[in-house]
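Structure record follows, encoded as structure tokens.
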Amino acid sequence: MTKTRLLLNASLAALATLSLAACASAPSSLQVAGLRPSETAEARPAPVSDQASLYGLFLAGQEALNHGNGEQAAEFFSRAAARDPVTGSLKERAFTAALVAGDVPRAATLAPGPDEGSLGSQRLGRLTKAVDALARGDGKTAQATLAGEPLGPPHRAASLLLAPWAAAEAGDWKAALALPEARGDRLVDSLSRLNQALLLERAKHYDEADAAFRKLIAEGDGSGITTGAYAEFLQRRGRTADAIALCDASLKGDANNHTIKLIRDHAAAGQPAPPMPTLNQGAAQALLAPAAILLAEKQPELGLTYLRLVLRLDPQRDEAWILVGDAMNGAGDVEAAREAYQHVQPGSADYVAARGRLIQTYDLPANAEKVLAIAQDTVKAAPNDDDALAQLADALRTSERFDESAKAMDTLLAHLGPRASWEAYYMRGIALDRAGHWEGAEKDFRKALELKPDESEVLNYLGYSWIDRGQNLEQAKAMVEKAVASKPDSGAMVDSLGWAYYRLGQYGPAVEQLEHATELEPSDPDINDHLGDAYWQAGRKIEARFQWQLVLTLQPEAKLKTDVEAKLQYGLTPGGKPALPPASVAQR
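One point on numbering: in this note's numbering, the residue at position 242 of the sequence shown is 244, and numbering is uninterrupted.
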């Protein structure tokens, strides 16, 4: 059975990457974003003297980018810009390099003025200056920077959402509590009203804050952001029972919301109410949604700059670190992605999610032991988390510790009870099957199909397993036909159908399906082996031997390699088994 059938298909869609337009040879600015101050001296370009030419400084900046040192790149570009005050292009490049590298204070000093750089950079520069001022506690400067007409696209939403927090820091509570003109922008409308509720509490207008929260909840809260903020508000007002009831109602709609679970458990345990968010924390949350939207809209460079602004305001904002990791992973900078994911620490509602993403940065099976160590540490830190248990079970299965994987799934299924999904039974079924406990595996696959009758992965796995065992052949064939109809481009599923025909002795249709399967999965040794068997039984023995020889070039597992070598030498019996040499027959 191929590994394609044996392991769950789980992958994250990678984000698209963009390049800076300043120079065709420049690396993507997303590469710069992962730069770490701890880079070794050997990885840095040689220092450039103060007498260096403008071109030399530019090349030094490029070299710094190429070696992953954003701060040094920004320094070289800014020094070059000081010698080229006319075009402003180098200053703009220095600003961008500093910002995506996470050096927001430097970026604020390099931000293009009204007559410098592109209009987009000017707008982003204003936003950067406002954020840096707010992070330093200088609300008046932040408010003044954002004063007047809101920034134009694509920064309008961010400027409108940030302005109330800047006003609050400046002590201008009239401006802080006023709602901006949303002009039909649903994001600005909903988030600005959440900001208002949070600021009303800080201004000690508790009844008004409560009313604002209740109105938002009544309109629906799919993400759970408002629910979490309101539950914490209720705890601070001494209404712990109301906070628990609010969380319980939310969890009925989304039982897997880790943030709401954590808030609910915190309240139920009688722990002290969480403190009010600081103004910087509130501002960071306000900018997080626009950042996530930019990433979802395939604007990773701009989305990443927003995340750097978020983290300037709140360096412990775990959701932002996860999104930084996602962006860097999508850009191919795996080390930077791992570093971002590892910023999220145990106890955070996002810890297990970050660990899951960290696991997915490692190639399998080459890094199976590393992945298993991460999963084991995650369960130690979050022993009652269902997702952590699922990660451990998957890592154990990948490490071929199938009995242990099944036991981990036993614990998970006991936790889930009637909430258990088809995936959980499917995962345990795979582990049991690989551990040699077919009866238990078959029971789990049947349960998975009971919960989701049309799931192609389960139909194919159980159907193929029966076919390979020569059991329930007609029923199994119908199951894999249904799977193929759902996923006609799956080589593994088409192979299952071809193997069903083979087991039924229908070698013509078997060859047809298996040829198609090898077209879909030309490098799969099991599928090519099946086609060789079908050719042999169809009387096409030269083609069969060619196919088996091909299998040996595809790095088959040891047992398959031995079987194929025997078939190449002695062929197949009418029953489909590798024929024995004459001496072996005589000895028997």
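Backbone N, C-alpha and C define an ideal beta-carbon position, used for all residues, glycine too. Quick caveat, the model's predicted, so the values are computed rather than measured.
Name the two residues that bound the continuous alpha helix (DSSP H) containing residue i.
i	result
S525	That residue, S525, is in no alpha helix (DSSP H); it is neither H nor E in DSSP.
S194	188 to 204
P385	Per DSSP, P385 belongs to no alpha helix (DSSP H) and is neither H nor E.
Y504	493 to 505
G431	424 to 436
Q283	281 to 298
V346	Run containing V346: none; DSSP gives neither H nor E here.
P107	106 to 112
P116	Unbroken run through P116: none, as it is neither H nor E.
M330	320 to 332
H157	No alpha helix (DSSP H) contains H157, which DSSP labels as neither H nor E.
Where residue i and residue j are concerned, what is the direct C-alpha to C-alpha distance, given to the nearest angstrom?
i	j	result
K569	P583	10 Å
A368	L193	44 Å
D528	R542	19 Å
K454	E402	27 Å
M300	A355	Looking at the sequence shown, residue 300 is not Met but Lys. Roughly 22 Å separates the two Cα atoms.
E203	L236	11 Å
L101	Q145	21 Å
D470	I544	25 Å
L189	I324	21 Å
G139	R95	27 Å
E444	Q198	55 Å
T242	A269	6 Å
A24	G127	With a pLDDT of only 30 at A24, under the threshold of 50, the placement of this residue in the model should not be trusted, and no figure is reported.
R216	P279	19 Å
Q551	V566	8 Å
Q287	E171	16 Å
L248	I262	9 Å
D191	R340	35 Å
I2	D244	Limits of the chain in this structure are 3 at one end and 590 at the other, which puts residue 2 out of reach.
Of the residues the options, which one's Cα is nearest the Cα of residue i?
i	options	result
E374	L391, N386, D387	With the sequence shown as reference, residue 374 is identified as Leu, and Glu is not the correct amino acid for it. Comparing Cα positions, the closest option is L391.
R319	P524, A159, S350, L297	S350
W175	A286, V190, H207	H207
G284	L264, R547, L164	L164
S225	W550, L112, Q393, A257	A257
H260	R216, D387, T575	D387
V133	D223, E406, L290	L290
G255	R238, T229, A109	T229
D209	G431, Y232, W550, C249	Y232
Q273	L264, L281, P279	L264
G150	R421, L136, A169	A169
Q473	R505, M495, R448, F447	R505
R2	P276, Q549, K449, D223	The structure shown does not extend to residue 2, since the chain is modelled only from 3 through 590, so no value can be given for it.
N331	L162, Q362, V346	Q362
Y466	Y427, G305, L297, M495	M495
Enumerate in chain order the residues of its own chain whose CB-to-CB distance from residue i is below 8 Å, with the five nearest sequence positions on each side excluded.
i	result
D456	K484, S488
Y572	P580, A581, L582, P583
T413	L391
L475	W468, I469, A502, R505, L506
Using C-beta distances below 6 Å, list every residue in its chain close to residue i, excluding the 5 sequence neighbours before and after it, in chain order.
i	result
R436	F404
P511	Y503
E606	No answer is possible for residue 606: the residues shown for the chain start at 3 and end at 590.
V326	L309, A342
L464	F447
Can you find the residues in the same chain that come closer than 7 Å, C-beta to C-beta, to residue i, ignoring five residues on each side of it along the sequence?
i	result
R195	L181, A214, L218
V381	A390, L391, L394
V312	A286, L289, L290, A293, R319, A322
S407	A395, L398, R399, A433
According to the neighbour-count rule (16 or more other Cβ atoms, all chains shown, within 10 Å of its Cβ), is residue i buried or exposed?
i	result
D335	buried
S396	Just to set this straight, residue 396 is Asp in the shown sequence, not Ser. Label assigned to D396: buried.
R185	exposed
D316	buried
W440	exposed
With a threshold of 7 Å (Cβ to nearest heavy atom), would residue i be considered close to the ligand ADP?
i	result
D134	Within the structure as shown, the ligand ADP is missing, as the structure has no ligands at all.
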